[in-house]
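Read in order, the letters of the sequence shown are residues 0 to 308 in numbering that gives the first Met the number 0.
These notes concern the structure reproduced below.
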Amino acid sequence: MLSIIVPCFNEEEAIPLFFAEMEKIQPLTGKTFEYIFVDDGSKDGTLKAIKQLPSSEGSKVRFISFSRNFGKEAALYAGLQASTGDLVTVMDVDLQDPPELLPQMVQMIENSDIDCVGTRRADRAGEPPIRSFFAKMFYHLINKISDTYMVDGARDFRLMTRQMVDSVLEVTEYNRFSKGIFSWVGYKTKYISFENRERSAGETSWSFWKLFNYSIDGIINFSDAPLNIASFIGALSCVGSGIALIFIVFRALIFGDPTSGWPSIVSILLFIGGLQLLSLGIIGKYIGKIFLETKKRPIYIAKEKSSKD
Ligand code: UDP
Ligand code: MG
0 MLSIIVPCFN
10 EEEAIPLFFA
20 EMEKIQPLTG
30 KTFEYIFVDD
40 GSKDGTLKAI
50 KQLPSSEGSK
60 VRFISFSRNF
70 GKEAALYAGL
80 QASTGDLVTV
90 MDVDLQDPPE
100 LLPQMVQMIE
110 NSDIDCVGTR
120 RADRAGEPPI
130 RSFFAKMFYH
140 LINKISDTYM
150 VDGARDFRLM
160 TRQMVDSVLE
170 VTEYNRFSKG
180 IFSWVGYKTK
190 YISFENRERS
200 AGETSWSFWK
210 LFNYSIDGII
220 NFSDAPLNIA
230 SFIGALSCVG
240 SGIALIFIVF
250 RALIFGDPTS
260 GWPSIVSILL
270 FIGGLQLLSL
280 GIIGKYIGKI
290 FLETKKRPIY
300 IAKEKSSKD
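Okay, structure coming up:
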């Protein structure tokens, strides 16, 4: 059995389209499908659209509905928890993750010793250039400063073995950054590429700022480099100002000290003050994460679930 986890947030139009495409693919994979739709607190008729999907011989439809919007990461976690198949895949409902790749992915995982088949976009066509630019910068940066390698252009769409899914579920942190977690758990992953495609229906729920914050989360969750950078800048300015101090004292002893130069003092003060605030901000980001983590709040709250059968 193959479990298909589909996070949905305000996707009433996309759901029937997705289901129709998937049902065409199902016989080609040689697996029975277990759909797990996760309604992430949608405000439209998403849940109704899910409930209207028919179970058939080759496929069973299950769902979880959240009490509010908890975000895609929480939806993925809930879906993985509910899944029972020996193979598990994670797919967006907007058909940006091509279902036609599934039969090939199932073949790959069954005929070799790999534990996961990941997918990546060959290009970023149809995306605003500014978004591509920042995405590239993000991957460049995170792979420099984090021990966890993240593949540029990798999508969440991936096929995993049960063993790998169980390992992902063992990572129970509240601040979830799936791209990092999938890589962190290890196992053998092979990537296949496909051409980027447009959404089938509806609109993306990721604004530029949401993505920007998401990437900052990724960095904070998988690297302590910002803390090291703050300490390094601190040490550097200590040494620099120490040398300057010695120089100024000797100069005053030898040449006397006519009072002047207050503008430079003020600018130095402001500069150092700025550095201190920046470092505090960085430390604060990490403390904020620790705060959320220690509260041990549940990752999601389910309001309604399909009955298990
Ligand atoms: N999604 C979700 N919760 C959210 C935002 C998005 O479950 O808070 C789902 C959404 O329904 C879709 C997938 O995550 O199935 C990817 O979202 P989207 O297509 O908006 O992102 P993009 O493809 O533009 O990165
Ligand atoms: Mg999408």
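All residues carry an ideal CB built from backbone N, CA and C; glycine is no exception.
Between Val164 and Val87, the CB-CB gap stays under 7 Å. When the Cα atoms are used, Ala81 and Ile35 turn out to be separated by approximately 8 Å. In the three-state scheme derived from DSSP, where H, G and I count as helix and E and B as strand, Ile247 is classed as helix. Of the candidates Leu268, Ile191, Ile129, Ser222, the residue whose Cα lies closest to the Cα of Asp96 is Ile191.
Within the chosen limit of 6 Å, the ligand UDP reaches the beta carbon of Ala74 through at least one heavy atom. Cβ-Cβ separation between Gly84 and Leu1: approximately 5 Å, consistent with a contact (criterion under 8 Å). Between the ligand MG and Asp91, a heavy atom-to-CB distance of less than 6 Å is present. Check the Cα spacing between His139 and each of Asp151, Leu235, Glu109: the tightest is with Asp151. When the five nearest sequence neighbours on each side are left out, the beta carbons in the same chain lying within less than 7 Å of the beta carbon of Ile271 are those of Ser236, in order along the chain. As the crow flies, the alpha-carbon of Asn174 is around 18 Å from that of Leu226.
For Asp155, the closest C-alpha among the options Asp122, Gln106, Asp91, Glu194 is that of Asp91. A heavy atom of the ligand UDP is found nearer than 6 Å to the CB of Asp39. Taking C-alpha positions only, Phe290 is separated from Thr45 by approximately 33 Å. One alpha carbon belongs to Leu101, the other to Glu22, and they sit about 12 Å apart. Beta bridge pairing from DSSP links Gly117 with Arg157, Tyr190. Here the C-alpha atom of Gly70 lies approximately 48 Å from the C-alpha atom of Ile264. For Pro53, no alpha helix (DSSP H) run applies, since DSSP gives it neither H nor E. In terms of side-chain proximity, the C-beta atom of Ser204 is found nearer than 6 Å to a non-hydrogen atom of the ligand UDP. For Ala121, the CB contacts under 6 Å within the same chain, skipping 5 residues up- and downstream, are Ser192, Glu194 in chain order. Straight across, the Cα-Cα distance linking Ile218 with Ile63 is about 30 Å. The beta-carbon distance between Asp114 and Met149, rounded to whole angstroms, is 18 Å. This is too long to meet the 8 Å contact definition. Contact between Ala13 and Ala200 holds, with the beta-carbon distance rounding to 5 Å and staying under 8 Å. Ala301 sits in a strand when the DSSP states are folded into three classes.
Bridge partners of Arg61 according to DSSP: Ile35.
When the beta-carbon positions are compared, Ile300 and Tyr76 stay at least 7 Å from each other. Annotated three-state conformation of Val92 is coil, per DSSP. In the DSSP annotation of this structure, Leu1 is not part of any alpha helix (DSSP H); the continuous beta strand (DSSP E) holding it starts and ends at 1-7. Beta bridge pairing from DSSP links Val87 with Ser2, Met159.
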